[in-house]
Amino acid sequence: MSIEASNKRVYEEILYGEDEIEEISEMYNDTIFISMLKSARIDEVDDFKVDFYNAEIARHESLSKDDINGKKQYDNLRKKIHSIWKTQYRLYKQPNDGNCLINQTYLRIEDLDSSTLGSPISGFNLLAKKGILHQLADDKELGWVDNFIAVLEKYMEGNDVGDN
């Protein structure tokens with residue numbers, strides 16, 4: 015893909031949530047993925063909420079447009095992103111701080127956005143692809159520190175956060 019075509023694709027992507035950040039912020043405060051971030055000492059979470067929001071919209075749009083192919087394509091993209099996280103997790107996991115891991119994972123997704131993570135699903139912009147990470151975290155399939163499930167449980171007990 016030429017630089018011109020890549021720039022046009024990025025320009026034409028619809029990014030959701032930038033204008034509704036306060037509403038989105040409230041909507042996701044009590045979610046597992048936010049607790050997962052905070053338990054890993056990742057405190058600035060508003061951008062991650064916007065990413066999650068974009069992923070949710072893209073997932074619903076892809077499933078409503080073409081139930082069978084949309085689901086296959088979404089599941090395939092989700093597997094690729096989970097695989098990217100696994101590699102980054104092995105390289106960058108820390109016992110208490112997930113900032114390096116999430117930053118490195120985001121950088122890798124940005125690097126692979128139009129190649130490996132290129133998707134025929136038009137709604138999956140870069141923010142949505144990053145948001146899939148948080149969908150996976152919300153399903154407790156990934157986290158940002160070593161032993162992330164145990165760390166999350168300890169965090170939730172200490173903060174009296176209910177399981178969603």
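Under my numbering, think of the first position of the sequence shown as 15, with each following residue one higher.
Each residue gets a CB set at the ideal place from its N, CA and C atoms; glycine is no exception.
Helix, strand or coil, according to DSSP, for Leu150 in the structure here? Counting from one through the sequence shown, the residue named residue 150 turns up at place 136. Leu150 falls in the helix class under three-state DSSP.
Got a sec? Which residues, its chain only, sit under 7 Å from Gln8 by beta carbon, not counting five neighbours each side? No statement about residue 8 is possible, as the shown extent of the chain runs from 15 to 178 and does not include it.
Are there 16 or more other CB atoms within 10 angstroms of the CB of Met50, so buried, or fewer, so exposed? For the purposes of this step, residue 50 is taken as the residue at position 36 of the sequence shown. Buried: at least 16 other Cβ atoms inside 10 Å.
Expressed to the nearest angstrom, what Euclidean distance is found between the alpha-carbon atoms of Ile56 and Ala164? Taking the sequence shown and counting its residues from 1, one reaches residue 56 at position 42. Taking the sequence shown and counting its residues from 1, one reaches residue 164 at position 150. Counting only the Cα atoms, Ala164 lies some 16 Å from Ile56.
Rounded to whole angstroms, what is the Cα-Cα separation between Lys52 and Lys154? Taking the first residue of the sequence shown as position 1, residue 52 is located at position 38. Taking the first residue of the sequence shown as position 1, residue 154 is located at position 140. Near 14 Å, if we compare the C-alpha coordinates of Lys154 and Lys52.
Quick one: what does DSSP say Asn43 is sitting in, helix, strand or coil? Here residue 43 is taken as the residue at index 29 of the sequence shown, counted from 1. When secondary structure is reduced to three states using DSSP, Asn43 falls in the coil class, being assigned neither helix nor strand.
Cβ-Cβ distance between Leu209 and Lys94 below 7 Å: The chain is shown from 15 up to 178; residue 209 falls before or after that span and cannot be answered.
Could I get the ranges of all uninterrupted alpha helix (DSSP H) runs contained in the region 76-135, with 4 residues as the minimum, in chain order? For the alpha helix (DSSP H) assignment, the uninterrupted runs of no fewer than 4 residues enclosed by the region 76-135 are, from N- to C-terminal side, 81-106 and 113-126.
Please state the DSSP three-state secondary structure of Asp160. Translated into the one-based positions of the sequence shown, residue 160 becomes position 146. Three-state DSSP puts Asp160 in coil, outside helix and strand.
Could you say which of Ile146, Asp152, Leu166 and Gly112 lies nearest to Glu58 if we only look at CA atoms? One-based indexing of the sequence shown puts residue 58 at position 44. Restricting attention to Ile146, Asp152, Leu166 and Gly112, the CA atom closest to the CA of Glu58 is found in Gly112.
Please determine, among Phe47, Trp158, Glu70 and Met41, the residue with the shortest C-alpha to C-alpha distance to Arg104. Position 90 of the sequence shown, counted from the start, is the residue given in the question as residue 104. Checking every option, the nearest Cα to that of Arg104 belongs to Trp158.
Using 8 Å for Cβ pairs, my map puts Ala54 next to Gly145. What's the rounded Cβ distance? Along the sequence shown, read from residue 1 onward, the residue named residue 54 stands at position 40. Along the sequence shown, read from residue 1 onward, the residue named residue 145 stands at position 131. The beta-carbon distance between Ala54 and Gly145, rounded to whole angstroms, is 17 Å. This is too long to meet the 8 Å contact definition.
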